[in-house]
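Colleague: So that we are looking at the same thing, I have put the structure below in structure tokens.
Residue numbers (this note's numbering): 80 to 309.
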């Protein structure tokens, strides 16, 4: 556990809470977390943490002492005084309180920024998920066709298994592969020619249909004109 950084050490007098309200000396340690009060002849201590402090008020110079009041969050007011020869306790406690408030504000700001960053990341993730779903719907058919091609290729591709073959058998295997390539190229050429021929026949049929439609429209127009003249 990291020890607390001591900002100041010395003696303060604290007003008691009894009827007499006597001033009692306390050995004090001012740390980053608050003010620790020790009994003069013992290790018993009481801590006034900055987390529970609200303010330092009623600073007054009087005779040989400086008087000030520490106000806690439960509205408890604790009166202190120190010798004028040992001033600055009230100012340093106030500075520690302000530093504590600054750190809490900084932590709150970081938490807010982290929360905003998480919300933005979550929103982007939802947006990206919706975009991916739309893309999958649009590209579903394409993906299916691609999978079909992969399946066909995987079925056609067969493992060579040539590690155990001798030199003569390797030559025979090479001739077999060359013949397969030759057959595939021939099949590819036949399919390309068939595609060209079918494309040509489709264009011819389209032109015939178009010509037939033009002739039909012309004949229908002449028939309507003749009927009007009669």
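Using N, Cα and C, we set each Cβ at its ideal position, and we do this for glycine too.
From the DSSP output, in three-state form, read off residue 158 for me.
Modeller: Indexing the chain shown from 1 puts residue 158 at position 79. Three-state result, residue 158: strand.
Colleague: How would you write the range of the beta strand (DSSP E) that residue 142 sits in, first residue to last?
Modeller: By one-based count along the chain shown, residue 142 stands at place 63. Premise fails: residue 142 is in no beta strand (DSSP E) and is neither H nor E.
Colleague: Assuming residue 171 and residue 109 form a contact by the criterion Cβ under 8 Å, report the distance between their Cβ atoms to the nearest whole angstrom.
Modeller: Position 92 of the chain shown, counting from 1, holds the residue named residue 171. Position 30 of the chain shown, counting from 1, holds the residue named residue 109. Rounded, the Cβ-Cβ distance is 6 Å, consistent with contact.
Colleague: Hey, how far is the Cα of residue 266 from the Cα of residue 248?
Modeller: What you label residue 266 is simply residue 187 of the chain shown in a count that begins at 1. What you label residue 248 is simply residue 169 of the chain shown in a count that begins at 1. In a straight line, the C-alpha of residue 266 is about 27 Å away from that of residue 248.
Colleague: Hey, out of 113, 136, 133, whose CA is closest to residue 125's CA?
Modeller: Numbered from its first residue, the chain shown carries residue 125 at position 46. Considering only alpha carbons, the answer is 113.
Colleague: Give me the Cα-Cα distance between residue 169 and residue 143, rounded to the nearest whole angstrom.
Modeller: Here residue 169 refers to the residue found at position 90 of the chain shown. Here residue 143 refers to the residue found at position 64 of the chain shown. Taking the straight line from one Cα to the other gives about 16 Å.
Colleague: Can the beta-carbon of residue 91 be found closer than 9 Å to that of residue 160?
Modeller: The count along the chain shown starts at 1 and reaches residue 91 at position 12. The count along the chain shown starts at 1 and reaches residue 160 at position 81. Contact flag set, yes.
Colleague: Could you compute how far the alpha carbon of residue 242 sits from the alpha carbon of residue 198?
Modeller: Here the question's residue 242 lines up with position 163 in the chain shown. Here the question's residue 198 lines up with position 119 in the chain shown. When rounded, the distance between both Cα atoms is 58 Å.
Colleague: Secondary structure at residue 268, three-state DSSP: helix, strand or coil?
Modeller: Taking the first residue of the chain shown as 1, we reach residue 268 at position 189. Helix, per DSSP.
Colleague: In chain order, what residues of the same chain have a beta carbon less than 7 Å from the beta carbon of residue 128, not counting five sequence neighbours either side?
Modeller: The count along the chain shown starts at 1 and reaches residue 128 at position 49. Excluding sequence neighbours, residue 128 sits near 112, 113.
Colleague: Consult DSSP for residue 163 and reduce its assignment to one of helix, strand or coil.
Modeller: Taking the first residue of the chain shown as 1, we reach residue 163 at position 84. In the structure shown, residue 163 sits in coil (DSSP, three-state: anything other than H, G, I, E or B).
Colleague: By the DSSP assignment, the beta strand (DSSP E) with residue 126 in it spans what residues?
Modeller: In the chain shown, residue 126 corresponds to position 47, counting from 1. 124-128 is the span of the beta strand (DSSP E), which, as asked, contains residue 126.
Colleague: Please state whether DSSP places residue 188 in a helix, a strand or coil.
Modeller: Translated into positions along the chain shown, residue 188 becomes position 109. Helix at residue 188.
Colleague: Closest to residue 131 by C-alpha separation, out of 118, 138, 154, 120, would be which residue?
Modeller: Counted from its first residue, the chain shown places residue 131 at position 52. Ranking 118, 138, 154, 120 by Cα distance to residue 131 puts 154 first.
Colleague: Mapping DSSP to helix, strand and coil, what is residue 292?
Modeller: Along the chain shown, one-based indexing puts residue 292 at 213. Residue state, collapsed to three classes: helix.
Colleague: From what residue to what residue does the beta strand (DSSP E) around residue 310 run?
Modeller: With the chain covering 80 to 309 only, the question about residue 310 has no answer from this structure.
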